[in-house]
Structure formats: structure tokens, C-alpha cells
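Numbering follows this note's numbering, in which position 254 of the sequence shown is assigned residue number 1487; successive positions increment by one, without gaps.
A virtual CB, placed ideally from N, CA and C, is assigned to each residue, including glycine.
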Amino acid sequence: MSIVKILIVDDSNKKIAGIVKVIKEATDNEIAVETVLDSVSAQKKLSETNYDLLVIDLLLPVRSGQEPIKEGGKQLVLEIERKDELKSPKYIVGTSQYKDYLTLFPDIWNTLHYDNSTEWKKKLRRVISHLEKVDFNISERYPELPSIIVEGLTDKKVFEESIKLFKPELVDKIKVKADSNAGAKWVSNQIVAWAHSKVGGSNENIRAIGILDGDKAGNEAKEQVSHQIDTNSAKRKFYKLITLSPDYARNLIPIYAKGLIIPVTLEELFPPFVWAVAKDNGWLEERPFNKMLLEEPTKWNQRKQSLDEYISTLDLNEEDKLYLKTVKRGSKKNFNEFVLNLKSKKKKLALGNLKKLLDDIELFLFNNS
């Protein structure tokens, strides 16, 4: 049996789930689905991988964080045709919830009006049937591995290094997936695509874990996945979402005990000596505080104290106070590369909190009972 390699360029969990479900129903082959959010990220994927099918939302941003443009999908197709370094997919499909945009897509490729009707599903099934007939040897089978899906490329490097240090026997048994500027939304899209692609396949025992920061974006991404996959759905067995918390950042427990709820990202898993170096190098900035970060907001007398004054009464030591700051967005790479370039013994100490996280990941990915 072959594998159909699919790249979906879209930011909607709902659309991704619907598209993958139809493709899964239309083929007996295994499917391997990747998702990206913008044209630049799609081009990076297309420079690395031969895809059988590319599904593009016509309303597409050029880069991550930019506003979508109505000719974004068309421009991506033109870039594929123009750039020799991009591997042209065997088939391209444009999709949109807005019928007027469909005329903007190159006539040579199919377009799908994604709505509540069944017409777009019929057209997509015909595309899959056509793919299998004209080139049944869809893609060379490759061993799909249990996967850890993380929010960015620096996170990916940290996880890969931690696996080498604490779980060397799993180096060739786990794949860590990320994309540049991916973020929590990308992780949620990947998880939705993964869960829908595994139902009824021969690789049902291959699972994925999504790692989300314990911040607002991470919580929203987790909620988006739950909207697409019912609590009692069989798809739940194919994935797990882990939100970073003090369970994995033991260094934050004394701070939580004093009533401060610091959102946990990957960087908060690192011990104080790493944060002290980051402070000395100017990689930190003041963390924005509000009463939502107080375990018991009523203890803060807002009429008599500023929030900073209240926090100063919590008896935080100098190491605790380091975490009152946060890593600057533009310094995350320097911060993580400092850790990755430490000598072995010191690196193990810096990455020590990830060992428990990897224990939990291993238990889920390889426990098929």
C-alpha cells in the first residue's frame, strides 16, 4: 500500500478536518498530511518534499502574521510554476468559503466551494480517484513515526537534544515536527489533520503529541482542537495535547506557592542559572502583569497598592524574581542556543525538567494498551 502525501495551506481547523475526512474516505491508501498557514511556509515545504496533493485556501497571507489577501492562493501557484527549486505537486486544488474568489484561481486546477453542500466533497473524491488512476504508485512508502509536534524550530532543537540526552534509545523512533513561526495555531492544525488521517488505517497505533505553551494562545489552540474532535470520538486515541505547566517547570513551584501564576512556555522550564545569563545578556524584558496572574486577586488592595508594589510583598527571592521577566521575542533563538551549546553536564542540568515531559510523551506514544 502506498502513501498519499498531502500539504494543506489553511488556517481553519474546521476546513482541515473536513478535507482530511473526505480524502480518508476516498482512498484505501494511507495518507500523510502536513499543514501550514501561509505562502512562504508552503514554499519551504515544497522545496523539501514531493507532495501528491496540494490543497490551498485562496484567501491566504504571504507570511505568518500578515493579513490574508484574496489572490494569495493564486500567487502561491504562480510561485510554484516560476521557481525551479519548488517541487510541483501532482495535483493542486484551491478552496474557499467565498464563491467569488474561485474565479481568481488558475483554470488548469480544480476549485472547491467549501460550504454545507456535498458538491465540494464529490469533486475532491474525483480528484483523489484521478490521482490514483494516473499514477497509482502515489508515493514511495516511508516509515511514519510517532511524532511530537511543537510550536517552533527552536523548540524542535531543544526537544531533539533532550531526547538524545535522556532517551537515546528513542532517537530513531520519534519524529519532532515544527515549522518556522509555527505557533500554537499550527500545532492545533497538525493535530486535527493527524487525528482525522489515522482513522481506519493500518497505522492506527502511530500517535502524535502536541506540545502547547501554557499561555492564552496555547489555551485557545487546545479549545479549537476540542471543537473539531468530540470528547468521545475514536480519533482521541491518536493524539494527546500537553499544555506546559508547573508539573514540568519545578522551578516555578515556589512562585506559584506564593500566589503568582506565571504562564509556562518552553523557556520557563529552564532553571534560574540560565535565566541569570539571559538577564545579563539583555534577552529578557518585563513580563506584563495583571490580576489574572494572581491566584487570589482579592488579596491585592488596588486602592492602596500598585500591582508591582503588591508583588514586592510576596517575599520572592532573587531567583524567583528572574521569572517576573519574560524572554524577548527576538531573543528566543539566542536564549535556546545558549542552552544547546552548554557542555554536556551543564546541558543536562539546564534541560533536566524535560525528562519528566519526555517520560509522559514516551508513555503515550508507545503504550498501545
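- Within the same chain, Ile1381 and Ile1442 come within 7 Å of Ile1594 by CB-CB distance, once the 5 residues on both sides are set aside.
- Of the residues assessed, Asp1388 falls on the buried side of the cut-off, its CB having 16 or more other CB atoms within 10 angstroms.
- At the C-beta level, Val1326 and Val1288 come within 8 Å of one another.
- Lys1307 is a Cβ neighbour of Phe1338, given a cutoff of 8 Å.
- By a beta-carbon distance limit of 8 Å, Pro1301 contacts Leu1293. Their separation comes to about 6 Å.
- About 6 Å separates the beta carbon of Val1266 from that of Ile1241, a gap short enough to meet the 8 Å contact definition.
- The alpha-carbon separation between Glu1304 and Asn1343 amounts to approximately 16 Å.
- Comparing alpha carbon positions, the residue from Tyr1324, Leu1598, Lys1532 and Ser1350 closest to Asp1340 is Tyr1324.
- Taking a cut-off of 8 Å on C-beta distances, the segment 1515 to 1526 touches the segment 1551 to 1564, as three or more cross pairs fall below it.
- C-alpha of Glu1377 to C-alpha of Lys1257: approximately 17 Å in a straight line.
- The DSSP-derived three-state label of Glu1267 is strand.
- In this structure, Leu1286 places its C-beta atom within 8 Å of the C-beta atom of Pro1322.
- Going by DSSP, Lys1277 is part of no beta strand (DSSP E) but of the alpha helix (DSSP H) stretching over Ser1272 to Glu1281.
- Rounded to whole angstroms, the gap between the alpha carbons of Thr1282 and Tyr1331 is 30 Å.
- In this chain, Ser1466 is not harboured by any beta strand (DSSP E), its DSSP state being neither H nor E.
- Taken atom to atom, the span from the alpha-carbon of Arg1536 to that of Glu1552 is near 29 Å.
- Thr1476 is bridged by DSSP to Leu1445.
- At the C-beta level, Lys1455 and Leu1474 come within 8 Å of one another.
- Using a Cβ distance threshold of 8 Å, Pro1496 and Gly1416 do not count as a contacting pair.
- Bounds of the alpha helix (DSSP H) holding Ser1430 are Gly1416 to Lys1431.
- Nearest neighbour of Leu1598 by Cα position, chosen from Arg1440, Thr1328 and Asp1480, turns out to be Arg1440.
- Counted as a single uninterrupted DSSP element, the alpha helix (DSSP H) harbouring Thr1387 occupies residues Leu1386 to Phe1399.
- Assignment of Val1326 by DSSP, reduced to helix, strand and coil, places it in the strand class.
- Sequence-distant Cβ neighbours of Gln1423 in its own chain, meaning closer than 8 Å and more than five residues away, are Glu1267, Thr1268, Ile1382, Lys1410, Ala1441 and Gly1443.
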